[in-house]
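Counting with the numbering used here, you get residues 26 to 161 for the letters of the sequence shown. Glycine included, C-beta positions come from ideal geometry on N, C-alpha and C. Note that this is a predicted model, so its numbers are computed, not measured. Only one structure is covered here, and it is reproduced in the block below.
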Amino acid sequence: MRAASATACFPAACLVALLAVAPEHAARAFSPEGAECLDRATDTAQRVACADTELKAQAKALAQSVQKLKAAGDSRADELLAKTQAAWEAHRDAHCAWMADRLRRDPVAQRLEHLLCLAGATESRAQELDDYQNVP
């Protein structure tokens, strides 16, 4: 995301532009509510609030995906899942901090980028875990 786009606009059209500029975000499918919230936001503070709400929704979906996997009762798989989740979280946090750091001259845009990165990565991880469960 470019700093100018973070402060100038961020309706759904700007979200699409962000996805084109930052291919790592392309796999994300934000919730309809999250996309609508970003589209309705009239200032950066509202966009940050939308991104924070989206992150919470994606974190909840990820927790549900993890719980579904644990419900299988396979202790070996549970141990491996715990290890991979810890490694994934460390990677996500470091990656998103790095992605947001390039906007350090604009702390609000930096916060927005960080939240959007976390939400997108979390959504992707939940989808990955759901897909894992659907393998025959």
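#### Entry: Three-state class that DSSP yields for residue 48 in the structure shown
Within the sequence shown, residue 48 is the residue found at index 23, counting from 1. Bear in mind that a pLDDT of 35 at residue 48, under 50, signals an unreliable position, so the number given afterwards is only what the model happens to contain. If DSSP states are grouped into helix, strand and coil, residue 48 belongs with the helices.
### Query
Which stretch, first to last residue, makes up the alpha helix (DSSP H) that contains residue 147?
As a working mapping, residue 147 is identified with position 122 in the sequence shown. Note, residue 147: alpha helix (DSSP H), 132-158.
### Message
If you measure between the beta carbons of residue 22 and residue 90, is that distance less than 9 angstroms?
### Response
Outside the shown range of the chain, which is 26 to 161, sits residue 22, and nothing can be said about it.
### Message
Just to confirm before moving on: does the CB-CB distance between residue 113 and residue 150 stay below 9 angstroms?
### Response
Here residue 113 corresponds to residue number 88 of the sequence shown, with the count starting at 1. Here residue 150 corresponds to residue number 125 of the sequence shown, with the count starting at 1. Taking 9 angstroms as the Cβ cut-off, residue 113 and residue 150 qualify as a contacting pair.
### Query
What whole-angstrom Cβ distance do residue 133 and residue 69 have, given they're in contact under 8 angstroms?
Locating residue 133 in the sequence shown gives position 108, where the first residue counts as 1. Locating residue 69 in the sequence shown gives position 44, where the first residue counts as 1. Their Cβ separation, rounded to whole angstroms, is 5 angstroms, which keeps residue 133 and residue 69 in contact under 8 angstroms.
### Contact under 9 angstroms by Cβ, residue 116 with residue 142
Here residue 116 refers to the residue found at position 91 when the sequence shown is read from its first residue. Here residue 142 refers to the residue found at position 117 when the sequence shown is read from its first residue. No; because the gap between Cβ atoms is not below 9 angstroms, this pair is not in contact.
### Message
Buried or exposed for residue 92, going by 16 or more other Cβ atoms inside 10 Å?
### Response
On the sequence shown, position 67 is the one that residue 92 refers to. Residue 92 should be labelled exposed.
### Query
How is residue 29 classed by DSSP in three states: helix, strand or coil?
Position 4 of the sequence shown, counting from 1, holds the residue named residue 29. With a pLDDT of only 38 at residue 29, under 50, the local geometry of the prediction cannot be trusted, and the value read off the model is given with reservation. Helix.
#### Entry: Extent of the continuous alpha helix (DSSP H) to which residue 56 belongs
Counted from its first residue, the sequence shown places residue 56 at position 31. Element bounds for residue 56: n/a, residue is neither H nor E.
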